[in-house]
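K.L.:
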Amino acid sequence: MAKVSAIQNNFNGGEISSLLYGRPDVDRYKTGLKTCLNFIPLVQGPVERRPGTVFIKEVKTSSLSTRIVRFEFSTTQAYILEFGNLYIRF
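Just so you know, the sequence shown maps onto residues 0 to 89 in numbering that gives the first Met the number 0.
#1: Round the Cβ separation of Glu14 and Thr34 to the nearest angstrom and send it over; I've been treating them as touching at under 8 Å.
#2: Counting pairs of Cβ atoms below 8 Å between the region 26-41 and the region 1-11, do you hit three or more?
#3: Rounded to whole angstroms, what is the Cα-Cα separation between Ser16 and Arg22?
#4: According to the Cβ coordinates, are Phe82 and Thr60 closer than 8 Å?
#5: DSSP three-state label for Phe19, please.
#6: Could you pull out every residue in the same chain whose Cβ sits closer than 6 Å to the Cβ of Val46, ignoring the five residues on either side in sequence?
#7: Within the continuous alpha helix (DSSP H) that includes Arg27, where are the two ends?
#8: Going by DSSP in three states, Val46 sits in which element: helix, strand or coil?
#9: At which residues does the beta strand (DSSP E) containing Glu81 begin and terminate?
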């Protein structure tokens with residue numbers, strides 16, 4: 000018996016829930032993905048590679064845990080805050 004593989008040319012359903020794995024009658028199942036790792040599904044149907052990250056600067060103390068938070072002061076001003084052990088840098 001021949002093996003048939005369906006071609007999927009539309010991925011704008013994004014990642015679907017495991018509850019939909021056995022529901023091929025649902026439209027979202029036909030356009031969805033089980034896992035969309037390192038890709039972004041577009042509204043028009045295709046997927047594109049996600050952009051990479053950029054190394055900006057080393058934290059003050061890399062041996063201790065720190066948290067980076069975006070702070071938007073206004074629509075034109077935004078800052079990156081670094082919260083560490085007893086300090087805040089921006």
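We put the beta carbon where it would ideally sit given N, CA and C, even for glycine.
P.N.:
Taking the coordinates as given:
#1: The residue you call residue 14 lines up with position 15 of the sequence shown. The residue you call residue 34 lines up with position 35 of the sequence shown. Going by Cβ atoms, the distance from Glu14 to Thr34 rounds to 7 Å, so yes, they are a contact pair.
#2: yes
#3: The residue you call residue 16 lines up with position 17 of the sequence shown. The residue you call residue 22 lines up with position 23 of the sequence shown. Near 11 Å, if we compare the C-alpha coordinates of Arg22 and Ser16.
#4: Taking the first residue of the sequence shown as 1, we reach residue 82 at position 83. Taking the first residue of the sequence shown as 1, we reach residue 60 at position 61. Thr60 is positioned such that its CB atom lies no closer than 8 Å to that of Phe82.
#5: Within the sequence shown, residue 19 is the residue found at index 20, counting from 1. Looking at the sequence shown, residue 19 is not Phe but Leu. Reduced to three states, the DSSP call for Leu19 is helix.
#6: Counted from its first residue, the sequence shown places residue 46 at position 47. Excluding positions up to five away in sequence, the list reads Phe10, Phe38, Pro40.
#7: Translated into positions along the sequence shown, residue 27 becomes position 28. Start and end: 26-30.
#8: The residue you call residue 46 lines up with position 47 of the sequence shown. Strand at Val46.
#9: The residue given as residue 81 occupies position 82 in the sequence shown. 77-83 is the extent of the beta strand (DSSP E) around Glu81.
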